[in-house]
Amino acid sequence: MRVRKKPWAAQYIKDHSDLIVTEPESQLGHWQERFPSRQPIQVEIGIGKGQFIIEMARQNPEINFLGIEIQESVIATALRKLVESELPNVQLVETDGAFVDTLFAEGEIDKLYLNFSDPWPKKRHAKRRLTSPNFLTHYQKVLKEDGRIQFKTDNRGLFEYSLTSFNNFGMVFDEVWLDLHNSEGNEGNVQTEYEEKFSAKGPIYKLVAHFDSNPA
Ligand code: SAH
Numbered sequence: 007m008r009v010r011k012k013p014w015a016a017q018y019i020k021d022h023s024d025l026i027v028t029e030p031e032s033q034l035g036h037w038q039e040r041f042p043s044r045q046p047i048q049v050e051i052g053i054g055k056g057q058f059i060i061e062m063a064r065q066n067p068e069i070n071f072l073g074i075e076i077q078e079s080v081i082a083t084a085l086r087k088l089v090e091s092e093l094p095n096v097q098l099v100e101t102d103g104a105f106v107d108t109l110f111a112e113g114e115i116d117k118l119y120l121n122f123s124d125p126w127p128k129k130r131h132a133k134r135r136l137t138s139p140n141f142l143t144h145y146q147k148v149l150k151e152d153g154r155i156q157f158k159t160d161n162r163g164l165f166e167y168s169l170t171s172f173n174n175f176g177m178v179f180d181e182v183w184l185d186l187h188n189s190e191g192n193e194g195n196v197q198t199e200y201e202e203k204f205s206a207k208g209p210i211y212k213l214v215a216h217f218d219s220n221p222a
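Given below as structure tokens:
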């Protein structure tokens, strides 16, 4: 997602330090203290403008949501929506999801969402894909045993890559949908901004998977 730099973003973020963390390493092991109630933590990496995580939080008040986004101008827009929503169970984190393993204690995360992640189509950029083996190693560490990863995309190439990547990692698939919006998997689906925009142009792919705790 490319957006113009927003001159107001940096100050707005500073002014809302109760809702957004910009030095996340300092929160290691203390994430629960940022929420009014101790509840399971679910994380989205690459939240964009935040539509998905904010709607998820509205529908699931018994869960604490953490939204990670690397671009200041993008997360500032999500923050504005969050402020308007007045939801107590979302916190935002401005950082690179590549370091997710340094932000959380082992098993601290209940579920991880990746929505319409950048496809990085060139082979030499494969390591940057959020579903590449390096990232999976980090996710495995911070996800609780049996914790799920949910991934949605409109990009067929990235979906194919991710299926292979997860499979080679020994992960177990709970759900695979090749045309989410025209399947029963769509029930209760919460749409992201990209999903609304791109579903007119072709199918939406989705998978849910977990790490195998008892590999044969
Ligand atoms: N999830 C949103 C946005 C998808 S675009 C939606 O579905 O509408 C992908 C987003 O991921 C962009 O906003 C981009 O800045 C962010 N992103 C890409 N790599 C990231 C990383 N390593 N860590 C955190 N965010 C990342």
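According to this note's numbering, the stretch in the sequence shown is residues 7 to 222, in order. We treat Cβ as the ideally placed atom computed from N, Cα and C, and that holds for glycine.
| Query | Result |
| --- | --- |
| What separation, rounded to the nearest whole angstrom, lies between the Cα atoms of Q197 and N174? | 29 Å |
| Skipping 5 residues on each side, what residues in its chain have a beta carbon closer than 6 Å to that of N192? | L186 |
| CA-CA distance, H216 and L149? | 9 Å |
| G54: which of F204, V80 and R134 sits nearest, CA to CA? | V80 |
| Is it buried or exposed, W183, if we count other Cβ atoms within 10 angstroms and call 16 or more buried? | buried |
| Around the Cβ of P30, are there at least 16 other Cβ atoms within 10 angstroms (buried) or fewer (exposed)? | buried |
| Quick check: L93 and I60, are their CB atoms within less than 8 Å of each other? | yes |
| Would the beta-carbon of L164 fall within 8 Å of that of P125? | yes |
| On the DSSP letters alone, give me the boundaries of the alpha helix (DSSP H) that F204 sits inside. | E199 to F204 |
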